[in-house]
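Letter 14 of the sequence shown, counting from 1, is numbered 14 in UniProt numbering, and no numbers are missing. Ideal Cβ placement from N, Cα and C applies to all residues, glycine included. Only a predicted model underlies this, so the values are computations on that prediction, with no experimental measurement involved. Shown next, in structure tokens, is the structure this report addresses.
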Amino acid sequence: MSMNLTVIDSGPAMLNILDAPAAERPELLRELWQPMAGMYRYFPGQTDLVQAHLQSFGFPIDRDSDDDSARNRTAVRLLTDADAWQRIRAGLERGIDALHAADPEAAIPDLTVLLVVGDPGNDHFTREVQGLSAFGGISGYIAITVWPNETVLGRLEAIAAHELHHNVRYSPGGVVWNPATVTVGEQVISEGLADEFAAELYGDTGYTHFVAPETRVDDAVLQTVARGLDVTGMQNFTAWVHGDASARLFGAEPVGLPTGAGYAAGARLVRAYLDQQGYLDQQSNLDQQGAVSGTAAAQVRTPAQDIIDVARQRLRLPAG
Numbered sequence: 001m002s003m004n005l006t007v008i009d010s011g012p013a014m015l016n017i018l019d020a021p022a023a024e025r026p027e028l029l030r031e032l033w034q035p036m037a038g039m040y041r042y043f044p045g046q047t048d049l050v051q052a053h054l055q056s057f058g059f060p061i062d063r064d065s066d067d068d069s070a071r072n073r074t075a076v077r078l079l080t081d082a083d084a085w086q087r088i089r090a091g092l093e094r095g096i097d098a099l100h101a102a103d104p105e106a107a108i109p110d111l112t113v114l115l116v117v118g119d120p121g122n123d124h125f126t127r128e129v130q131g132l133s134a135f136g137g138i139s140g141y142i143a144i145t146v147w148p149n150e151t152v153l154g155r156l157e158a159i160a161a162h163e164l165h166h167n168v169r170y171s172p173g174g175v176v177w178n179p180a181t182v183t184v185g186e187q188v189i190s191e192g193l194a195d196e197f198a199a200e201l202y203g204d205t206g207y208t209h210f211v212a213p214e215t216r217v218d219d220a221v222l223q224t225v226a227r228g229l230d231v232t233g234m235q236n237f238t239a240w241v242h243g244d245a246s247a248r249l250f251g252a253e254p255v256g257l258p259t260g261a262g263y264a265a266g267a268r269l270v271r272a273y274l275d276q277q278g279y280l281d282q283q284s285n286l287d288q289q290g291a292v293s294g295t296a297a298a299q300v301r302t303p304a305q306d307i308i309d310v311a312r313q314r315l316r317l318p319a320g
């Protein structure tokens, strides 16, 4: 398998931006993000990369207090000390190997990956989502914004693997994300698959950390999310997937769900489906290709509705 993996060496560039005069920072930030411009190819008009950075909770370039500057520089150095860039590469390489072994026909695109420090002054970013905002849904690009708390630093490889699963799912030959018809169920299943995939590689560290343990086992959360699986319109997804706090932040209507509810429900739905596939594997002693189909790696391209239909029966959830 031949593909190019580029993890942008963003550490020195971030320090350079933070040290630059205020008037020069926007252009330097655009230069940092320019290799990621293709991630916005489906967006209407021309995306301002500075705004893209800020909207994903990226570090601010207009606050000059000594405290803000010191915190941001310290965060970059913490990532450097943690060997973050090499660890993200290692997580991606391990994930690529696992996906290729499980589904040799899945297209794994050339990847460009950008890691940036987030905004320590944004309470939603640092507290509600606990220092993580990442996006891997556009084939060929993964953007990861973090605040390097202890939990995030311990999960760098798993975070990368999670986003890789999304990237391969939505690459050519995989699932088509049509904004006009896509359902909440697709994103919920995608998050569940990505979390289960990361857990296959890294154990419990693979599960997205801003989802509370009690949310993961809350039957009321599962039932509420299940009622929304057929909802369409991407503007409605935030509450069902990320929860009410994120919905309020982005101007969407809350639906009575805690942070990360869609991740929790997605993992349970996916786990139910994978358990069924694992049982079938045991009955047939592995599929014809020799790959165990009861894994999230093997199901990277499986339609969400196939998973939902099986999971509804196994979990005794009402039909949508």
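Less than 8 angstroms between the C-beta atoms of Gly206 and Leu164, yes or no?
no
To the nearest angstrom, how far is it from the Cα of Gly290 to the Cα of Pro172?
Legend: pLDDT at Gly290 = 47, less than 50; position of this residue unreliable, no value from coordinates given.
Using the C-alpha atoms, what's the distance from Arg41 back to Asn236?
22 angstroms
Find out if the Cβ-Cβ distance for the pair Ala102, Asp195 is shorter than 8 angstroms.
No. Outside cutoff.
Which word fits Phe250, buried or exposed, when buried means at least 16 other C-beta atoms lie within 10 angstroms of its C-beta?
A residue is called buried when at least 16 other Cβ atoms come within 10 angstroms of its Cβ; Phe250 does not meet this threshold and is exposed.
Skipping 5 residues on each side, what residues in its chain have a beta carbon closer than 6 angstroms to that of Ala75?
Val117 and Pro148
Which residue from Ile144, Gly45, Gly154 and Thr112 puts its Cα closest to that of Phe59?
Ile144
If I follow the unbroken alpha helix (DSSP H) through Tyr141, where does it start and stop?
Unbroken run through Tyr141 is the beta strand (DSSP E), Tyr141 to Val146; no alpha helix (DSSP H).
If we count the other Cβ atoms within 10 Å of its Cβ and call it buried at 16 or more, is Gln299 buried or exposed?
Residue burial is scored here from C-beta neighbours: Gln299 has at least 16 other C-beta atoms within 10 angstroms and is therefore classed as buried.
Would you call Leu98 buried or exposed, if buried means 16 or more other Cβ atoms sit within 10 Å of its Cβ?
Position check: residue 98 holds Ala in this sequence, whereas Leu was assumed. So Ala98 ends up on the buried side.
Going straight from the alpha carbon of Gln34 to that of Phe135, what length do you get?
16 angstroms
Classify Met39: buried if its beta carbon has 16 or more other beta carbons within 10 angstroms, exposed otherwise.
Classification for Met39: buried.
Helix, strand or coil: which one does DSSP assign to Val76?
helix
Just to confirm, are Gln187 and Gly233 a CB contact at a threshold of 8 angstroms?
no
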